[in-house]
Amino acid sequence: MFLQQNYLSHTYLYEKRLHDARKTCMHSLHALYANRHTTKTKYAEIFTKYESLYALFLNIAEVRDRITDYTIFSLCEAELAEIKREIHHVLSVMITHASMQPIQYSALASSIERFDEMNQNILQVTASDPNVFSIMVNSLYRLKDELTC
Amino acid sequence: MNRYFINEIGRTVIAVLIALTINKYYSLSGEYWMILAAFLTTLVTVGTPVKQVLIIILVMMAAVIFGSFLLYFNYYATFIIFIAGTLLLLTQYLFFSHRFMTHVYLFLLGIFTFTLGSLLILYNSQTMLGLKLFDIAIGGVIGVLCNLFVFSVSFAARFKHSIVPFIGALVECSHRLSKKCTHDIQNDLYVEKIFVSAFHAYPEWVYEVGFNPGLRSGVRFFMIKLERLMEAYFSMNYFISRIDIASYQYFFDAYASILNNNARLLIELKNFFQHEQGHYREDRDDTIHDDDISRRDDMTSPDTNELTNDIDNIEKILQSIVPAQMASLSSEYATLMSLVYDVRDVRKVLLQLLAALPDQ
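Those protein sequences? They're chains A and B, same order as listed.
The opening residue of the first sequence carries number 1 in our numbering; numbering runs sequentially from there.
The opening residue of the second sequence carries number 1 in our numbering; numbering runs sequentially from there.
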């Protein structure tokens, strides 16, 4: 969301898309919740993992409201784009291959580490509220852990 | 089926019946374009009676003109129907799903339809194309009039009615999280279960193309802020579930108190909408307007300051647990900080929303 150049001028458009995505996720979660006691499949495990990922994505998305000066994102645009690409890649592999082959998380871990370095060296000095980015980094590490386990 | 849905079905049926009657006696082309146009134009979303109808009519006209253009070259009729239908569906998808934000695309579609129509009427007048277009326009007028006057429900009243379950879900979340912080409940809290039922009545139509421009920014602002609260509750639930509450019991006691205060503010918000239902007057004093929204950052009244004391208190508790410069080094401390930011954001948004409400 914060990588979109025209987010501020097209807030309602992006928020509507976000709303649609959130609604789809919530209905899927609800379906998993309803089947969590089914013994044949690992619904309970999948539910917990999916719920955690959803909550973490929402937590990361909160940055868009906590940051008032969007020019700060231009400093870390490449790092954020890389993280986005890697998350997309990991999720795509998870969906398409569904445990048939091991998923490589190293690229995602490296991209988060690069963003962490950027945060320590630049964002903590330049951002009006550096804690926002510390929280974001923490959530990204947690996201990686949730994806890995 | 709620009463709004029944109203919509009734409106569509009446529009089609009116169109059928008029089409039988006064149709210029002798075909059924009027009925189709009346049917499609009653399917617009709430609060968008004119602009969406205009788009539907223009798209229908473009499809008819394109079909006539192909007929001119003697293509097969089924092929023409297929092409015109595809054009109709594709253009509708582009306009309604992709939601172009400017009027430029609508004007372009209008100019395209007008130019194509003029050319074909000039060169191919024997095909009754102009009469078909006239029938479509009459069908559109029937649709607009039915949208405005048949079983019409004030969209502001409907918005207020639809928003109450969502605010109720937020209140429930706040109470349950508070209990979780004080160990009153041990098991997991399924936040999505609380919100899924509230989403059934959720007024998504305020985001649609052509929604009443007078109320658009105010109502959409409200929706975005409410969803922002939902995000914060999901986040809080996740982090509270993954931290050892007993190790920071003093922190979580204060946190529970803030959650309860937030629940009180949410109940105040919910009460406003519940009391407003059925008493809506469509005038300037009774709705959420841009002017009210522009005052949302003005939070300097004494009452507002009192409502931020508990937030200041928990920030002090957090600072006593961890110095600010250490926060980025420890995952647990960053988690606590995230919880404080979430609850602070919730309070900020609630105060903004309460400040934006008109005086009762």
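The C-beta atom is built at its ideal place from N, Cα and C for all residues, glycine as well.
As the structure is a computational prediction, the values presented were derived from the model and not from experiment.
{"Asked": "Residue environment, residue 311 of chain B, which counts as buried when at least 16 other CB atoms sit within 10 Å", "Found": "buried"}
{"Asked": "8 Å Cβ shell around residue 29 of chain B - same chain, five flanking residues per side excluded", "Found": "128, 131, 132, 134 and 135"}
{"Asked": "Option in B:335, B:352 and B:253 with minimal Cα separation from residue 228 of chain B", "Found": "B:352"}
{"Asked": "Alpha-carbon to alpha-carbon, residue 129 of chain A and residue 322 of chain B", "Found": "17 Å"}
{"Asked": "Buried/exposed call for residue 16 of chain A, threshold 16 Cβ in 10 Å", "Found": "buried"}
{"Asked": "Integer Cβ distance of residue 219 of chain B from residue 206 of chain B, believed to fall under 8 Å", "Found": "5 Å"}
{"Asked": "Per-residue contacts from residue 21 of chain A into chain B (C-beta, under 7 Å)", "Found": "Simply none; closest approach about 11 Å."}
{"Asked": "Continuous alpha helix (DSSP H) stretch holding residue 210 of chain B: start and end", "Found": "Residue 210 of chain B -> no alpha helix (DSSP H), and no H or E assigned at all."}
{"Asked": "Residue span of the alpha helix (DSSP H) that contains residue 146 of chain A, given as start and end", "Found": "130-148"}
{"Asked": "Short CB-CB distance (under 9 Å) between residue 126 of chain A and chain B", "Found": "no"}
{"Asked": "Coil, strand or helix - residue 322 of chain B by DSSP", "Found": "coil"}
{"Asked": "Environment of residue 102 of chain A [buried if 16+ CB atoms lie within 10 Å]", "Found": "exposed"}
{"Asked": "C-alpha distance - residue 43 of chain B paired with residue 221 of chain B, whole-angstrom precision", "Found": "25 Å"}
{"Asked": "Under 8 Å by beta carbon: chain A residues contacting residue 237 of chain B", "Found": "55"}
{"Asked": "Cutoff 9 Å: residue 25 of chain B Cβ touching any chain A Cβ", "Found": "no"}
{"Asked": "Rounded straight-line distance, which links the Cα of residue 191 of chain B to that of residue 198 of chain B", "Found": "11 Å"}
{"Asked": "Classification of residue 125 of chain A by the beta-carbon crowding that lies within 10 angstroms, buried from 16 upward", "Found": "exposed"}
{"Asked": "Rounded straight-line distance, which links the Cα of residue 87 of chain B to that of residue 66 of chain A", "Found": "43 Å"}
{"Asked": "CB contact check: residue 4 of chain A to chain B, cutoff 9 Å", "Found": "no"}
{"Asked": "Residue-chain proximity (residue 65 of chain A, chain B), Cβ-Cβ < 9 Å", "Found": "yes"}
{"Asked": "Check whether residue 41 of chain B and residue 153 of chain B have beta carbons under 9 Å apart", "Found": "no"}
{"Asked": "Cutoff 9 Å: residue 220 of chain B Cβ touching any chain A Cβ", "Found": "yes"}
{"Asked": "Complete alpha helix (DSSP H) runs within the region 233-267 of chain B (minimum length 4 residues, chain order)", "Found": "none"}
{"Asked": "4-residue-minimum alpha helix (DSSP H) runs that sit fully inside the region 21-107 of chain A, ordered along the chain", "Found": "43-61, 63-66, 72-75 and 77-97"}
{"Asked": "Beta-carbon neighbours of residue 244 of chain B, restricted to chain A and to distances below 7 Å", "Found": "Simply none; closest approach about 16 Å."}
{"Asked": "Residue 202 of chain B - DSSP class collapsed to helix/strand/coil", "Found": "coil"}
{"Asked": "Check whether residue 254 of chain B and residue 175 of chain B have beta carbons under 9 Å apart", "Found": "no"}
{"Asked": "Contact with chain C by residue 71 of chain A, beta-carbon distance below 9 Å", "Found": "Structure shown: chain C not included; protein chains present are A and B."}
{"Asked": "Cβ of residue 51 of chain B within 9 Å of any chain A Cβ", "Found": "no"}
{"Asked": "Short CB-CB distance (under 9 Å) between residue 270 of chain B and chain A", "Found": "no"}
{"Asked": "Interface residues of chain A facing residue 190 of chain B [CB-CB closer than 7 Å]", "Found": "33"}
{"Asked": "Contact test: residue 30 of chain A Cβ vs the ligand SAM heavy atom, cutoff 8 Å", "Found": "Absent from the structure shown: the ligand SAM. Ligands present: none."}
{"Asked": "is_contact[residue 4 of chain B, chain A] using C-beta, thresh 9 Å", "Found": "no"}
{"Asked": "Span separating the alpha-carbon of residue 46 of chain B from that of residue 155 of chain B", "Found": "6 Å"}
{"Asked": "Rounded separation between residue 56 of chain A and residue 235 of chain B - CA only", "Found": "7 Å"}
{"Asked": "Boundaries of the alpha helix (DSSP H) in which residue 139 of chain B is found, first to last residue", "Found": "129-149"}
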